[in-house]
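These protein sequence lines are chains A and B, in that order. FYI, numbering that gives the first Met the number 0 numbers position 18 of the first sequence as 17, with every residue one higher than the one before it. FYI, numbering that gives the first Met the number 0 numbers position 28 of the second sequence as 27, with every residue one higher than the one before it. Note sheet for the following structure.
There are 2 protein chains.
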Amino acid sequence: MNLWYTEQEAELIKLSFRTEKVLFSGQSEFQKIDVVETVPYGRLLTLDGCTMVSDHDEFVYHEMISHIPALIHKNPKRVLVIGGGDGGTVTELTKHAGIEEIILCEIDGMVVDLCKQYFPNVARGLNDKRVKVNIGDGIAFIKKMKGELDIVVVDSTDPIGPGEGLFSRDFYKSVAAALKPDGIMVAQSESPWFSKEILGRIQNNILGGFTHKKSYVGAIPTYPRGLWSWTMAANVPFDQRDFDRARFGKIKTGLKYLTEGGITAAFEIPMFFREKIGQLEG
Amino acid sequence: MNLWYTEQEAELIKLSFRTEKVLFSGQSEFQKIDVVETVPYGRLLTLDGCTMVSDHDEFVYHEMISHIPALIHKNPKRVLVIGGGDGGTVTELTKHAGIEEIILCEIDGMVVDLCKQYFPNVARGLNDKRVKVNIGDGIAFIKKMKGELDIVVVDSTDPIGPGEGLFSRDFYKSVAAALKPDGIMVAQSESPWFSKEILGRIQNNILGGFTHKKSYVGAIPTYPRGLWSWTMAANVPFDQRDFDRARFGKIKTGLKYLTEGGITAAFEIPMFFREKIGQLEG
């Protein structure tokens, strides 16, 4: 059978992978969920037709969104992940021995259940005894927290659909209020190839909650634009060159994307992206 | 009309762009050549069905393959570009005031003619008075040169089709012989996501001509894997941190990808690529 899975971005770009079979196709309370077995990238999870994770390249996204803030924060103990129901971000965070508690707040319980079933390696961190899984709305959940978190990871879908509120100015204010004074937020912040309008709005909204922010990039082949960005934000200055090299040494075995030099290098974002978001220094 | 241009990689991946019209479709002595006007990435040149350059993102490939060797070389005067018939690499090289002569050796004259017609901005450097265009086989051309070039840029297609010989051990030996003792070669060296076998063979062949080599990466959204690599090689040690910052300051206006920090950052290649090609240090 000549079977292809295709993600289509805005009627402009299609990225297709030869597919062996569809393992699951269903509708949750929030979104359409599919799991397909592809030839080039292994097993793939899609939400509302957008690729979220694949077995072969999930490490890029998950290493970048988790270890960079965890290593730049001086001593993270308590971390909240909003979204990230596949468990990949949590799995990477569990590699940090000093982290005492990781709360996952995912709105869609079906995503968590399916990922435990179909992506056991990605989701394995959800079984760690430091992890608490809360199925519910991240926006409401974080409003109850005040000055108590070291890191908040916003591991959301795109700014349309169930993830929309996770890009709002009000939400970033709630994140800032939930963090300790030296706390760090990191959020996926879309592709540098997206329009200046979309990217600028996200960055501007982050400034509603935070005085300091810096974006960094990584390359994800299963996303139609390839290059992706994440943005770190805090209400104290931070410097990506001051990450904890000793802690990096303890977690580096098994990493497939991130290297010691790659942490600061990720902040050397392309000029066209700097110009779009106004981040002129690395 | 619902028109899409599609590149298909090895029956595994398809990357498609919504297309407005086909401007040219023909067959040269060497390959099939198409020029299409796409919505997301502007005008696109394809050779044998593989995307070569697009108006919107060509700057990534061309800035990376040209300025990095030109800035790491202490004082380049004479440069040979093999392949690169679109003229984009030459156009970037002309920005270096110290370069006195740029020879382009492209096997397919039809590529040069079509790019002058359809991509005048990319090809504009071909009109610079320091540039000499030679239509012919780069493998034969470089064999006549001995110890006379500062930089050789191998701006080839993939290792199948007309570009195959430009990845061979014998060819890299010829390049080394054509360079001055402190000369530098840079070659496009395919996607880090390609197999260890393909990547390893290219890297191993480069060692047939050179004692020192280092690969670096950049993200190109119109290629089906997104991330791309280039490899610099020389018979003297070189250090990417020792690039000419004063010269960078003179060319940086107008660059859309490369930043001063981005030069060394590009050599901080992902761990999975390091492991495939055995480049364990940055």
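Just so you know, even glycine gets a beta-carbon here, dropped at the ideal spot from N, CA and C.
- Task: Please state whether DSSP places K13 of chain A in a helix, a strand or coil.
- Result: strand
- Message: Is L257 of chain A close to chain B? Criterion is C-beta to C-beta, closer than 9 Å.
- Response: yes
- Message: So the candidates are A:I150, A:M184, A:L113 and A:G84; which of them puts its Cα closest to the Cα of G306 of chain A?
- Response: Lying outside 0 to 281, the shown extent of chain A, residue 306 of chain A is not represented and no answer is given.
- Query: What residue range is occupied by the uninterrupted alpha helix (DSSP H) comprising A122 of chain B?
  - Reply: P119 to A122
- Query: How about I219 of chain B and V152 of chain B: are their beta carbons less than 9 Å apart?
  - Reply: no
- Does the distance from the C-beta atom of A66 of chain B to that of L226 of chain B stay below 9 Å? Reading off the sequence, residue 66 of chain B comes out as His, not Ala. No, the pair does not count as a contact, with Cβ atoms beyond the cut-off.
- Between L198 of chain A and K115 of chain A, is the Cβ-Cβ spacing less than 9 Å? no
- Message: Considering only the alpha carbon of each residue, which of B:R240, B:E91 and B:T230 lies closest to H61 of chain B?
- Response: B:E91
- Task: Please name the residue in B:D243, B:G277, B:F272 and B:V34 whose C-alpha comes closest to that of L257 of chain A.
- Result: B:F272
- Item | Residue from B:N133, B:G146, B:F166 and B:K145 whose Cα sits closest to the Cα of S155 of chain B | B:F166
- Item | Neighbour list for A218 of chain A in chain B, Cβ cutoff strictly below 7 Å | A218, G225 and L226
- Using only alpha-carbon positions, find the residue among B:V59, B:D243, B:K73 and B:A264 that is nearest to I150 of chain B. B:K73
- Message: Here's the rule: buried if 16 or more other CB atoms are within 10 angstroms of the residue's CB, otherwise exposed. What is F16 of chain A?
- Response: buried
- Item | Bounding residues of the alpha helix (DSSP H) (the contiguous stretch that carries L70 of chain A) | E57 to I71
- Message: Three Cβ pairs or more, each shorter than 8 Å: is that satisfied between the segment 222-238 of chain A and the segment 176-188 of chain A?
- Response: yes
- Separation of E105 of chain A from V111 of chain A, as counted between CA atoms: 8 Å
- Please say whether D157 of chain B and V235 of chain B have beta carbons closer to each other than 9 Å? no
- Cα-Cα separation between G164 of chain A and N203 of chain A, rounded to whole angstroms: 15 Å
- Message: Quick check: the Cα distance between I268 of chain A and Y215 of chain A, rounded to an integer number of angstroms?
- Response: 6 Å
- C-beta neighbour in chain B for F271 of chain A, strict 9 Å: yes
- Count the other CB atoms, across all protein chains shown, that sit within 10 Å of the CB of P223 of chain A; report buried if there are 16 or more and exposed otherwise. buried
- Item | Residue span of the alpha helix (DSSP H) that contains Y215 of chain A, given as start and end | Segment H211 to A218 is the beta strand (DSSP E) holding Y215 of chain A; no alpha helix (DSSP H) there.
- Is it the case that the Cβ atoms of K70 of chain B and F242 of chain B are separated by a distance below 9 Å? The sequence shown places Leu at residue 70 of chain B, not Lys. In this structure, F242 of chain B lies closer than 9 Å to L70 of chain B by Cβ.
- Task: Evaluate G33 of chain B with the Cβ neighbour count: other Cβ atoms within 10 Å of its Cβ, from every protein chain shown; 16 or more gives buried, anything less gives exposed.
- Result: It is worth fixing the name first, because residue 33 of chain B is Asp in this sequence and not Gly. So D33 of chain B ends up on the buried side.
- chain B contact for I150 of chain A (CB, 9 Å cutoff): no
- Task: Look at L282 of chain A and V132 of chain A and say whether their C-beta atoms are less than 9 Å apart.
- Result: Because chain A here runs from 0 to 281, residue 282 of chain A falls outside it and cannot be looked at.
- Query: Nearest to N126 of chain A by CA position, among A:R240, A:V174, A:K13 and A:E100, is which residue?
  - Reply: A:E100
- Task: Answer yes or no: does any C-beta atom of chain A fall closer than 9 Å to that of V52 of chain B?
- Result: no
- Item | Of the residues A:D54, A:G82 and A:I141, the one placed nearest P119 of chain A, counting alpha carbons only | A:D54
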